[in-house]
Each structure stands twice: as C-alpha cells, then as structure tokens.
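**Student:** To start, I am sharing the structure in question, which I have written as structure tokens.
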Amino acid sequence: MRQLIFLILVTLSCVSFSVAQADDYGAVSFKVIQQSLFINKKNIQKVSLYKDPLGGYAINLALTPQAGKRLAKMTAHNIGRKMMVTIGNCIVNVAVIESSIGGSMQIVVGSKSAAKKIVRAMTR
Numbered sequence: 078m079r080q081l082i083f084l085i086l087v088t089l090s091c092v093s094f095s096v097a098q099a100d101d102y103g104a105v106s107f108k109v110i111q112q113s114l115f116i117n118k119k120n121i122q123k124v125s126l127y128k129d130p131l132g133g134y135a136i137n138l139a140l141t142p143q144a145g146k147r148l149a150k151m152t153a154h155n156i157g158r159k160m161m162v163t164i165g166n167c168i169v170n171v172a173v174i175e176s177s178i179g180g181s182m183q184i185v186v187g188s189k190s191a192a193k194k195i196v197r198a199m200t201r
C-alpha cells in the first residue's frame, strides 16, 4: 500500500477550501509541470486517514486499476520532478517523484483537521 511516502511537503494556507468547493470541481488532480491527470471519485477505491508515528497525518489513497496505471505511467516518465496534488483550486501536497507511483499511495497533509477535510472531499 505504501509505495511512496512523499518526502517534500509544502504547507500552504488554504483557508477557502471546503468540501462543497471540492465537489464543485469534482476532481482530484495530480499535476507534473505541464502534465495533468484528473482523478474523480469513480477512480478512487479507498481513502482513509492515517496517523504516522511522529504524530502527523496522512491519507492512504487507493485508485482503481485503470487510474493507477495512468498515474504509474505519468510518474514513471517524470522521476525527479515535482508533482502537485490538488483538490479544486487548493494545493494538498507537493512532492518530488522518486519512483513510479501506482494505484496506492500515501499523501502527507500534516494536521488532522486538514486530513479529515480532504478525506471527506474525496469520499462525498
């Protein structure tokens, strides 16, 4: 399940983020420089909250096989580059791609409240 734990985390203030806003956009976006892969709720198999041993929070995300293959292909061709995970217009995470990321990953988000909002947005 944990192919990659994102090592570089950019914490950005996203005061305006809400579940309703994420639902309006209807997609989770994985972006690498000029490439984008949009994942909607149909492409997500499972989302769960995870508390790491250091007290931070992360989201375990499992994609469908088709979405996982698309993400694996995009990330395999962009190792060493930054990838941004967004919901609507809110940046959730920015990380350097260290290896191909398939259908399962962990997205480090920091606080419990932010993690809960993101899980709600992805599962609602």
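Using the working numbering, read the sequence shown as starting at 78 and increasing by one per residue.
Virtual Cβ for every residue (Gly too), placed ideally from N, Cα, C.
From a predicted model like this one, the values you see are computed outputs, not experimental measurements.
#1: Evaluate the contact criterion for the region 123-131 versus the region 146-162: three or more CB pairs, one atom per stretch, below 8 angstroms.
#2: Is the separation between the beta-carbon of S113 and that of A139 shorter than 8 angstroms?
#3: Rounded to whole angstroms, what is the Cα-Cα separation between Q183 and N137?
#4: Could you check if G179 is buried or exposed, using at least 16 other CB atoms within 10 Å of its CB as the buried criterion?
#5: Would you mind sorting K189 into buried or exposed? The rule is 16 or more other CB atoms within 10 Å of its CB.
#6: Give the secondary structure of S190 by DSSP, where H, G and I count as helix, E and B as strand, and everything else as coil.
#7: If contacts are defined as beta-carbon pairs under 8 angstroms, then V186 and V169 qualify, I think. What distance do you get, rounded to the angstrom?
#8: Starting from T152, follow the beta strand (DSSP E) in both directions and report where the run begins and ends.
#9: Could you please give the first and the last residue of the uninterrupted beta strand (DSSP E) stretch that includes L126?
#10: Using DSSP's beta-bridge definition, name the partner residues of V173.
#11: Buried or exposed: where does T200 fall if 16 or more other Cβ atoms within 10 Å of its Cβ makes it buried?
#12: Would A149 and M160 qualify as a contact pair, given that the criterion is a beta-carbon distance under 8 angstroms?
#13: On the criterion of 16 or more Cβ atoms from any shown chain inside 10 Å, does G132 qualify as buried, or is it exposed?
**Tutor:** With the given structure in hand:
#1: Short answer: they don't touch.
#2: No; because the gap between Cβ atoms is not below 8 angstroms, this pair is not in contact.
#3: Approximately 5 angstroms between the Cα atoms of the pair.
#4: Taking a 10 Å sphere around the C-beta of G179, we find 16 or more other C-beta atoms and assign the residue as buried.
#5: By the Cβ neighbour-count rule, K189 is exposed, with fewer than 16 other Cβ atoms within 10 Å of its own.
#6: In the structure shown, S190 adopts helical secondary structure according to DSSP, grouped into three states.
#7: Under the criterion of beta carbons closer than 8 angstroms, V186 and V169 qualify as touching, at roughly 6 angstroms.
#8: Where T152 is concerned, there is no enclosing beta strand (DSSP E), although the alpha helix (DSSP H) it sits in stretches over P142 to A153.
#9: Residue range I121 to K128 is occupied by the beta strand (DSSP E) that includes L126.
#10: Among the bridge pairs identified by DSSP, V173 is matched with K159.
#11: Note on T200: under 16 other CB atoms within 10 angstroms of its CB, so exposed under the neighbour-count rule.
#12: Not a contact, by the Cβ cut-off of 8 angstroms.
#13: It counts as exposed.
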